[in-house]
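Numbered continuously in my numbering, the sequence shown closes out at residue 552.
In this text, a Cβ means the ideal position worked out from N, Cα and C, and glycines have one as well.
For clarity, every value in this text was computed on a predicted model and none was experimentally measured.
A short write-up of the structure that comes next.
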Amino acid sequence: MTMNKSQILRLALNNCCELRNVRLSEAPELKHFKFFDIKIIEGCSIKIDVPNLETVFINGPWIWSHRQSTLLFSRLTSLYLNNVIMSSESIDLLSFGCPTLANLALHDCSGFEEFHLASDSVKFLTILTRKIPLKGAMICAPNILTFNFNAGIHQVPDTFSFTTTTSKMWHSNVFLSSRQEDPDLDVNSWFLKLRRMLKALSGSQIYLTTQINNGPLDVPCGAVDNSRLPNDKPPVVMENLTFSTSKCRTASWYSGFTNGLFRVCRPRSIWSGVYLSQSDYRLSEFQFNILLANMSLGTEPYFWQHDLEHVYVNTFYGQLIHWTDLSELLNRTYDNIICLELKWRGQTTA
Numbered sequence: 203m204t205m206n207k208s209q210i211l212r213l214a215l216n217n218c219c220e221l222r223n224v225r226l227s228e229a230p231e232l233k234h235f236k237f238f239d240i241k242i243i244e245g246c247s248i249k250i251d252v253p254n255l256e257t258v259f260i261n262g263p264w265i266w267s268h269r270q271s272t273l274l275f276s277r278l279t280s281l282y283l284n285n286v287i288m289s290s291e292s293i294d295l296l297s298f299g300c301p302t303l304a305n306l307a308l309h310d311c312s313g314f315e316e317f318h319l320a321s322d323s324v325k326f327l328t329i330l331t332r333k334i335p336l337k338g339a340m341i342c343a344p345n346i347l348t349f350n351f352n353a354g355i356h357q358v359p360d361t362f363s364f365t366t367t368t369s370k371m372w373h374s375n376v377f378l379s380s381r382q383e384d385p386d387l388d389v390n391s392w393f394l395k396l397r398r399m400l401k402a403l404s405g406s407q408i409y410l411t412t413q414i415n416n417g418p419l420d421v422p423c424g425a426v427d428n429s430r431l432p433n434d435k436p437p438v439v440m441e442n443l444t445f446s447t448s449k450c451r452t453a454s455w456y457s458g459f460t461n462g463l464f465r466v467c468r469p470r471s472i473w474s475g476v477y478l479s480q481s482d483y484r485l486s487e488f489q490f491n492i493l494l495a496n497m498s499l500g501t502e503p504y505f506w507q508h509d510l511e512h513v514y515v516n517t518f519y520g521q522l523i524h525w526t527d528l529s530e531l532l533n534r535t536y537d538n539i540i541c542l543e544l545k546w547r548g549q550t551t552a
């Protein structure tokens, strides 16, 4: 399919069965392009030569190529690519060929192992690498407002850097999850990679979500070797940690995991909860073990309990929960997930 001198403002192509190649060129009125395809046919390609495009949405395993130009997309503001095959030249284009690009989303794109971006215009950046992990990422986005990263829990990049000069408050949302069939994790290496990533994002308000549904029920993925963790470096302050697991873990598991995690980061709040029904939630075992450690009632050693000055239990709506007996608190039901507000020694209020 080739377009020339068309007056079309918007073009959407959805699941065109016999289509193999798309070339857009000389369409000065075209502002918005959407392409959606789910079939896998080797060699399919899209070539776009329309400088006035403002939004581009491409979904499908197609090769994205482009013309050589100083300003390829001089007016592009939003680019969403899902499962698209890219080259290093295509990645470079995002830095040098899109001077007005504000919203960039890359979902499971392939063709590169490292992601480099230098853009003064990008304000909203999303990277999802569930199928094809990144080995490294180097991002310079002086005016970033929101950064989203979504990957398997074992797919934290080996190297990660993020540079920004914005004076505005910006947010980082990091979502890491595992499935039961995923391989066990080298937990010591993972904690080091996680700290490197969180440290690079420490200029932002960090929201970390972890779903750990694999690994043994006891000590997580092999014993945590605290000697390999950065004892001489302060943990990264995080705004929020959301934790969930589909398995019933032991006290030893929570001891090993939190001892490693809290050497890496110190969240101000922890959201969790056991889902019972649409309107019934309970305190999670993860939260319960933190309360046990804070009250020095646990049987497992928690090095960080001496740094935790106060723990408050709140409802989803911010209402303080009063309690006297911890077991009674564990058995209560609530109409939404529960939050622990943590006050760490030496940590100022947000």
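Same chain only: Cβ atoms within 8 Å of Leu400, ignoring 5 sequence neighbours per side: Numbered from its first residue, the sequence shown carries residue 400 at position 198. Same-chain partners within the cutoff: Val376, Ile408, Leu410, Val438, Met440, Val466 and Cys467.
Own chain partners of Leu221 with C-beta closer than 8 Å, once the 5 adjacent residues on each side are dropped: Looking up residue 221 in the sequence shown gives position 19. Cβ neighbours of Leu221 beyond the five flanking positions: Met203, Leu215, Asp239 and Cys246.
Where the beta strand (DSSP E) containing Leu255 begins and where it ends: Numbered from its first residue, the sequence shown carries residue 255 at position 53. No beta strand (DSSP E) contains Leu255, which DSSP labels as neither H nor E.
Range covered by the alpha helix (DSSP H) that runs through Ser454: To locate residue 454, count along the sequence shown from 1; it is residue 252. Start and end: Ala453 to Val466.
Boundaries (first-last residue) of the alpha helix (DSSP H) holding Arg398: As a first step, residue 398 must be located in the sequence shown, where it is residue number 196. Segment Val389 to Ala402, the alpha helix (DSSP H) holding Arg398.
Identified DSSP bridge partners for Thr550: The residue you call residue 550 lines up with position 348 of the sequence shown. Per DSSP, none; premise fails for Thr550.
With 16 other Cβ atoms within 10 Å as the buried cut-off, status of Tyr519: Taking the sequence shown and counting its residues from 1, the one referred to as residue 519 is at position 317. The residue in question, Tyr519, is exposed, as its Cβ has fewer than 16 Cβ neighbours within 10 Å.
9 Å Cβ cutoff met for Ile334 and Cys300: Stepping through the sequence shown from its first residue, residue 334 is reached at position 132. Stepping through the sequence shown from its first residue, residue 300 is reached at position 98. In this structure, Cys300 does not lie closer than 9 Å to Ile334 by Cβ.
Beta-carbon spacing of Ile250, Trp264 below 9 Å: For the purposes of this step, residue 250 is taken as the residue at position 48 of the sequence shown. For the purposes of this step, residue 264 is taken as the residue at position 62 of the sequence shown. Not closer than 9 Å, so no.
Which of helix, strand or coil DSSP assigns to Asn375: Position 173 of the sequence shown, counted from the start, is the residue given in the question as residue 375. DSSP places Asn375 in strand when its eight states are reduced to three.
6 Å Cβ shell around Arg212 - same chain, five flanking residues per side excluded: Taking the first residue of the sequence shown as 1, we reach residue 212 at position 10. Within the same chain, Arg212 has close Cβ partners His234.
Pairwise C-alpha distance: Leu281 and Leu232: Residue mapping note: residue 232 aligns to position 30 of the sequence shown, counting from 1. Residue mapping note: residue 281 aligns to position 79 of the sequence shown, counting from 1. Cα to Cα, the separation comes out at about 15 Å.
Backbone secondary structure at Ile293 - three-state DSSP: Mapped onto the sequence shown, residue 293 falls at position 91. Three-state DSSP puts Ile293 in a helix.
Spatially closest choice to Ala307 from Asn491, Val286, Asp322 and Ser290, by CA coordinates: The sequence position of residue 307 within the sequence shown is 105, counting from 1. It is Val286.
Element boundaries [beta strand (DSSP E), containing Ile334]: Within the sequence shown, the letter at position 132 stands for residue 334. Where Ile334 is concerned, there is no enclosing beta strand (DSSP E), given that its DSSP letter is neither H nor E.
Ile250 in three-state terms, based on DSSP: To locate residue 250, count along the sequence shown from 1; it is residue 48. Looking at Ile250 - three-state DSSP - the assignment turns out to be strand.
Asn345 and His309 closer than 9 Å at C-beta: The residue given as residue 345 occupies position 143 in the sequence shown. The residue given as residue 309 occupies position 107 in the sequence shown. Not closer than 9 Å, so no.
Cβ contact (3+ pairs, closer than 8 Å) linking the region 456–466 and the region 531–542: no
Cys467 Cβ short of 8 Å to the ligand ZN heavy atom set: Only the bare structure without any ligand can be found here, which leaves the ligand ZN out of the picture.
Helix, strand or coil at Ala320 [DSSP, three-state]: As a working mapping, residue 320 is identified with position 118 in the sequence shown. Residue state, collapsed to three classes: strand.
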